[in-house]
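Counting in full-length UniProt numbering, the sequence shown runs from 1 upward without gaps.
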Amino acid sequence: MSRIGTSAARPSSGIATARPRRKTRSEVSEEMRHEIREAFDLFDADRSGKIDFHELKVAMRALGFDVKREEIQRIITEYDRDQTGEINFQDFEEVMIEKISNRDPTEEIIKAFRLFDDDNTGRISLKNLRRVAKELSENISDEELMAMIQEFDRDGDGEIDEEDFIAILKSTSAFA
């Protein structure tokens, strides 16, 4: 899945050898590259142009990746060419582009579904949509919310189940 586990071996001098890149900057939107830069800059607390283990973990979390300690350590080890315990922006961007490019859209959709389904019924109801609209400060009437549900409710039960939600989002260009 990721380049992280497929790096070329390092010589004992500590100088990194060339690593093949499978994903390129052009495969990620300009908006996403901007978000990657913002996350890096936000958590580069000392403005050194590098981030350490803890800053990397928080920056990746800010971009939607909840990574385990072992993975963060593996990233630092792979990219820390001068063995300072930090990585620079170019390496951070490369890691994030790879992770973003390899996201599983269905998994991301299911995570989004669970944000709507806060009562864990396995369905998005009018009540759930009303709560989300309120949290987003959207003034949407119950009639409009019900119209949304009816448009995508394939089994006609007045709620959107996970299968309906996946079908809705996979039909959009963002997840197609």
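Ideal Cβ placement from N, Cα and C applies to all residues, glycine included.
Here the structure is a predicted model, which means the values were calculated and not measured.
Would you please state the rounded distance, in angstroms, between the beta carbons of I160 and I109? I believe it to be under 8 Å. On the sequence shown, position 160 is the one that residue 160 refers to. On the sequence shown, position 109 is the one that residue 109 refers to. In fact, because the Cβ distance is near 12 Å, the residues do not count as touching under 8 Å.
Meets three-Cβ-pair contact criterion under 8 Å: the stretch 74 to 81 and the stretch 33 to 42: Flag = no, the stretch 74 to 81 and the stretch 33 to 42 do not touch.
Does the structure place the stretch 79 to 98 close enough to the stretch 123 to 141 that three or more beta carbon pairs sit under 8 Å? The answer is no - the stretch 79 to 98 does not touch the stretch 123 to 141, with fewer than three Cβ pairs under 8 Å.
Just checking my contact of D142 with R130 at CB under 8 Å: how many whole Å lie between their CB atoms? Here the question's residue 142 lines up with position 142 in the sequence shown. Here the question's residue 130 lines up with position 130 in the sequence shown. Right, the Cβ-Cβ distance comes to about 7 Å (below 8 Å), so this counts as a contact.
So, at 7 Å on beta carbons, what are the nonlocal neighbours of G64 in its own chain, with the 5 sequence-adjacent residues on each side left out? Position 64 of the sequence shown, counted from the start, is the residue given in the question as residue 64. Nothing listed; no residue qualifies.
So, helix, strand or coil for N88, using DSSP? Residue mapping note: residue 88 aligns to position 88 of the sequence shown, counting from 1. In this structure, N88 counts as strand in the three-state DSSP scheme.
Does the distance from the C-beta atom of E86 to that of S48 stay below 9 Å? Here residue 86 is taken as the residue at index 86 of the sequence shown, counted from 1. Here residue 48 is taken as the residue at index 48 of the sequence shown, counted from 1. In contact: E86 and S48 (Cβ atoms closer than 9 Å).
Report the CB separation of L56 from I36 in whole angstroms; it is logged as a contact under 8 Å. What you label residue 56 is simply residue 56 of the sequence shown in a count that begins at 1. What you label residue 36 is simply residue 36 of the sequence shown in a count that begins at 1. That pair is no contact at about 12 Å.
If we count the other Cβ atoms within 10 Å of its Cβ and call it buried at 16 or more, is D66 buried or exposed? Here residue 66 corresponds to residue number 66 of the sequence shown, with the count starting at 1. By the 16-neighbour rule on beta-carbons within 10 angstroms, D66 is exposed.
Which residues in the same chain as N88 place their Cβ atom closer than 7 Å to its Cβ, once the five residues preceding and following it in sequence are excluded? Translated into the one-based positions of the sequence shown, residue 88 becomes position 88. Counting only Cβ-Cβ distances below 7 Å, and skipping sequence neighbours, we find G49 and K50.
Helix, strand or coil for I140? Go by DSSP, reduced to three states. As a position in the sequence shown, residue 140 is number 140, starting the count at 1. Three-state DSSP puts I140 in coil, outside helix and strand.
Measure the C-alpha to C-alpha separation of S171 and D153 and round it to an integer number of angstroms. The residue you call residue 171 lines up with position 171 of the sequence shown. The residue you call residue 153 lines up with position 153 of the sequence shown. Roughly 14 Å separates the two Cα atoms.
Runs of beta strand (DSSP E) lying entirely within the stretch 27 to 105, each at least 3 residues, in chain order: 50 to 52 and 86 to 88
Measuring straight from C-alpha to C-alpha, what distance separates F53 and T106? By 1-based counting over the sequence shown, the position of residue 53 is 53. By 1-based counting over the sequence shown, the position of residue 106 is 106. C-alpha separation (whole angstroms): 29 Å.
Could you tell me how far apart the beta carbons of I149 and G158 are, in whole angstroms, since I believe they sit closer than 8 Å? The residue labelled residue 149 in the question sits at position 149 within the sequence shown. The residue labelled residue 158 in the question sits at position 158 within the sequence shown. The beta carbons of I149 and G158 sit about 6 Å from each other, so the pair counts as a contact at 8 Å.
Which residues bound the alpha helix (DSSP H) around R131? Reading the sequence shown from its first residue, position 131 is the one you call residue 131. It spans L126 to E135 - the alpha helix (DSSP H) in which R131 sits, taken as one unbroken run.
When the distance is taken between beta carbons, is F113 closer than 9 Å to E162? Mapped onto the sequence shown, residue 162 falls at position 162. Mapped onto the sequence shown, residue 113 falls at position 113. Taking 9 Å as the Cβ cut-off, E162 and F113 qualify as a contacting pair.
Own chain partners of D164 with C-beta closer than 7 Å, once the 5 adjacent residues on each side are dropped: If you number the sequence shown from 1, residue 164 lands on position 164. Excluding sequence neighbours, D164 sits near F152, D153 and R154.
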